[in-house]
Amino acid sequence: VVILPREIRFCFQINNWVGGKERNIRALLGSLNDVLWEGAELWNQPKMGDLLSASQVKRCYYKACLLVHPDKQVGTPHEKLARAIFTELNDAWNAFEQGGGQLL
Numbered sequence: 001v002v003i004l005p006r007e008i009r010f011c012f013q014i015n016n017w018v019g020g021k022e023r024n025i026r027a028l029l030g031s032l033n034d035v036l037w038e039g040a041e042l043w044n045q046p047k048m049g050d051l052l053s054a055s056q057v058k059r060c061y062y063k064a065c066l067l068v069h070p071d072k073q074v075g076t077p078h079e080k081l082a083r084a085i086f087t088e089l090n091d092a093w094n095a096f097e098q099g100g101g102q103l104l
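Going by full-length UniProt numbering, the sequence shown opens with residue 1, and the numbers climb by one from there.
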């Protein structure tokens, strides 16, 4: 199996973004700009104060999903990255819901 440099860069991006924030929806949403591609101007980076209540987290999560949903990125250079971001956000969201959507 040959790994292309672009795929290596992609893996590093995801690992650096998720590292230490696994399944932490607030931390992932609060640092999403670290992994988004240029031109993803629809995303306004939330501050931690914007992610205190479960409803605030839910709203930011849905906005992020609209941007990185794999169906919206089909055929673009960002398709694989968007799919990986979407997967990490979904995993974190599921953990958040299972934990009862704790307040900070």
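Just so you know, even glycine gets a beta-carbon here, dropped at the ideal spot from N, CA and C.
Classification of residue i by the beta-carbon crowding that lies within 10 angstroms, buried from 16 upward
i, result
"E88", "buried"
"R9", "exposed"
"L36", "buried"
Distance, residue j Cα to residue i Cα
i, j, result
"residue 117", "R59", "This structure cannot settle anything about residue 117, because the visible part of the chain is limited to 1 through 104."
"R23", "Q73", "23 Å"
"A84", "L42", "18 Å"
Option in the options with minimal Cα separation from residue i
i, options, result
"K63", "E97, N90, E38", "N90"
"N44", "G30, I85, R83", "G30"
"E38", "G20, A92, L28, T76", "T76"
For residue i, three-class secondary structure by DSSP
i, result
"R83", "helix"
"L66", "helix"
"K21", "coil"
"residue 106", "Outside the displayed span of the chain (1 to 104) sits residue 106, for which this structure offers no information."
"G99", "coil"
"L51", "helix"
"W37", "coil"
Bounding residues of the alpha helix (DSSP H) (the contiguous stretch that carries residue i)
i, result
"W17", "5-18"
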